[in-house]
Structures are given as C-alpha cells and as structure tokens.
C-alpha cells in the first residue's frame, strides 16, 4: 500500500535526531585526492567552482524503482512534435535519468482507473506522463528535456576535425502525481471488416481477424460503430 507506506516513512523523518532547519557540520570520508586538493584551493583563491558538491538524502525505499506518474505541461517555446515513448531526460528534484514516457489524459480516477492514451504531448493542457523511475514520496517538481546533438567541423593545420556538442531543450514542466502501477492506459483501435450476413440482433463479419487468438483477445472489449451500434464479439467461426 503506497499511501500507508508514504505516511509511515514521512512520520519517521520527523523523528530524526537532527531537526529541520538546524545548521550542522558534515564530515565526508573517502574523498578522492584530486577533488580534495582542488576544491580548497579554488575556495581559498576566490575562484568560482563550476561543479559544486551537492549533498542529499533519500527516504526509505526511494532507491527502488517503480511506475511513476507525473503531470506535465508542454513548454510553449518548444515547437517540435513530442511522441509517446520518445527518449527524454527527466530532472526530478536533484535526480536526473533518461525516460521514455507514455502520455495519457489527466482524468479523475474512476472505478476502473482507465485513462485514454495520447500519441503526442499536446500543448495547452496537462497530461500524465508515465515512466519507470525511482520511487517518490513528495510532490517533487520535474523538468523534461530533449537532447540535441550538433556536429561542429573545425579546420586546423590542413586537417578537419568534427566534434559533437550536446544541448538541452526544455520540452515540458510539471510535478510528481502518484506512484500507481495499476493505472490502465487504454489505446483506441479501429477494427474494419466486411459484413457477410446480417441478422436482427447479430451479424457475421469477415476479414476482421485472421487468427482465433485475436478474437479471444478482443472478446471482453465493448465495440461500437460510427453510427452508435454497441455490441461484443460472440465467437470465432473457425
């Protein structure tokens, strides 16, 4: 139970030996000699340290992986199409990882927890991005970036060398929504066939399926035509 575990873990955090807002001194062991030698010199000489040292902590179970849902809104400055399962870089809090999000509509959770699949990240509305990511216990803000590689050619001493530079473009912003592996993302599929025989309450359709296993797969699904007829698949003729 995610909600129960989240409450228990956050309650344990409040009972930590050091209270929130207390200034403390941290001693780090096993620091590489190169970092230990360069960092004090940079601070002593007044230089700007380009890569600051960041210290963070994780709650219990936050090092494990699960299905995470984020509510994101597409950036108005990004004009390229963003498809589901496109490789993006997600920055969630202090953690950064490569994801291939699946987008779905941000609708209230019903009895079946079914949400419609989105092929593209649409602008102007909030969308749920489902990814395989570390477990979150707080409403962490997130950023989605697209990596762009650019080849730069440089000529020196009669020889041409090509170097590749990588830049990041902001695709969407949002925050953590929930940790729900039971979320069902439904994808709309159009089935076509030729009516062979039409009866009063049933009909025989040919060339809709070519495998009996496909018929069994679509049996529980409710079908509807463009004219509003609703029904189910009864059986395969083969």
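Residue numbers (my numbering): 645 to 882.
Glycine is no exception: its CB is placed at the ideal position from the N, C-alpha and C atoms.
Review point. Is residue 879 buried or exposed, if buried means 16 or more other CB atoms sit within 10 Å of its CB?
Key: Here residue 879 refers to the residue found at position 235 when the chain shown is read from its first residue. Exposed.
Exercise for review: Just confirm the distance between the C-beta atoms of residue 777 and residue 741, as a whole number of angstroms; I'd bet it's less than 8 angstroms.
Suggested key: Taking the first residue of the chain shown as 1, we reach residue 777 at position 133. Taking the first residue of the chain shown as 1, we reach residue 741 at position 97. The Cβ separation is near 6 angstroms, so the contact holds.
Check your understanding: DSSP on residue 838, reduced to helix/strand/coil?
Key -> Locating residue 838 in the chain shown gives position 194, where the first residue counts as 1. Looking at residue 838 - three-state DSSP - the assignment turns out to be strand.
Exercise for review: From the DSSP output, read off the bridge partner residues of residue 721.
Suggested key: Locating residue 721 in the chain shown gives position 77, where the first residue counts as 1. Its beta-bridge partners do not exist; DSSP assigns none.
Exercise for review: May I ask which residues mark the beginning and end of the beta strand (DSSP E) holding residue 761?
Suggested key: Position 117 of the chain shown, counting from 1, holds the residue named residue 761. Counting along the chain, the beta strand (DSSP E) containing residue 761 begins and ends at 758–762.
Exercise for review: Please confirm if the region 815–825 is in contact with the region 708–715, defined as three or more CB-CB distances below 8 angstroms between the two stretches.
Suggested key: yes
Review point. If you draw a straight line from the C-alpha of residue 679 to the C-alpha of residue 706, how long is it?
Key: The residue given as residue 679 occupies position 35 in the chain shown. The residue given as residue 706 occupies position 62 in the chain shown. Those two C-alpha atoms are separated by around 28 angstroms.
Practice item. Would you kindly work out how many angstroms separate the C-alpha atoms of residue 883 and residue 703, rounded to a whole number? Key: Because the chain here runs from 645 to 882, residue 883 falls outside it and cannot be looked at.
Review point. So, is residue 877 buried or exposed, given that buried needs 16 or more other C-beta atoms within 10 angstroms?
Key: Here residue 877 refers to the residue found at position 233 of the chain shown. Buried, since its Cβ has 16 or more Cβ neighbours within 10 Å.
**Study point:** Assigned exposure category for residue 734 - 16 Cβ within 10 Å defines buried
**Key:** Locating residue 734 in the chain shown gives position 90, where the first residue counts as 1. Under this definition residue 734 is a buried residue.
Review point. So is residue 781 buried or exposed if we call it buried at 16+ other beta carbons inside 10 Å?
Key: The residue labelled residue 781 in the question sits at position 137 within the chain shown. Burial call: buried.
Exercise for review: Classify residue 762 as buried or exposed, calling it buried when 16 or more other Cβ atoms lie within 10 Å of its own Cβ.
Suggested key: Translated into positions along the chain shown, residue 762 becomes position 118. When all chains shown are included, residue 762 counts as buried.
Practice item. Hey, could you find the ends of the alpha helix (DSSP H) residue 747 is sitting in? Key: Within the chain shown, numbered from 1, the residue matching residue 747 stands at position 103. Segment 746–749 is the beta strand (DSSP E) holding residue 747; no alpha helix (DSSP H) there.
Practice item. Counting only the same chain and skipping the five closest in sequence on each side, list residues whose C-beta sits under 8 angstroms from that of residue 819. Key: As a working mapping, residue 819 is identified with position 175 in the chain shown. If we look at residue 819 and ignore the five residues flanking it on each side, its Cβ neighbours are 714, 715, 783, 784, 785 and 786.
Review point. Given that a residue counts as buried once 16 or more other Cβ atoms are within 10 Å of its Cβ, and exposed if not, what is residue 836?
Key: The residue labelled residue 836 in the question sits at position 192 within the chain shown. Residue 836 should be labelled exposed.
Point to revise | Neighbourhood of residue 795 by C-beta, 6 angstroms cutoff - its chain only, sequence neighbours within 5 removed | key: Translated into the one-based positions of the chain shown, residue 795 becomes position 151. The answer, listed in chain order, is 806 and 808.
Exercise for review: Please work out which residues of its chain come closer than 8 angstroms, Cβ to Cβ, to residue 676, disregarding the five sequence neighbours upstream and downstream, and give them in chain order.
Suggested key: As a first step, residue 676 is located in the chain shown; it is residue number 32 there, counting from the start. Cβ within range, chain order: n/a, list empty.
Check your understanding: Smallest Cα separation from residue 719: which of 841, 847 and 815?
Key -> Within the chain shown, numbered from 1, the residue matching residue 719 stands at position 75. Looking at the Cα atoms, 815 is the closest of the given residues.
Check your understanding: Going straight from the alpha carbon of residue 729 to that of residue 662, what length do you get?
Key -> Against the chain shown, residue 729 aligns to sequence position 85. Against the chain shown, residue 662 aligns to sequence position 18. Taking the straight line from one Cα to the other gives about 42 angstroms.
Check your understanding: Helix, strand or coil for residue 859 per DSSP?
Key -> Here residue 859 corresponds to residue number 215 of the chain shown, with the count starting at 1. Helix, per DSSP.
Practice item. Specify, as a first and last residue, the run of the alpha helix (DSSP H) that residue 772 falls within. Key: Start at 1 with the first residue of the chain shown, and residue 772 comes out as number 128. That residue, residue 772, is in no alpha helix (DSSP H); its beta strand (DSSP E) goes 770–778.
Check your understanding: According to the neighbour-count rule (16 or more other Cβ atoms, all chains shown, within 10 Å of its Cβ), is residue 848 buried or exposed?
Key -> Position 204 of the chain shown holds residue 848. Result: exposed.
Practice item. May I ask you to report which of helix, strand or coil DSSP gives residue 816? Key: To locate residue 816, count along the chain shown from 1; it is residue 172. Residue 816 falls in the strand class under three-state DSSP.
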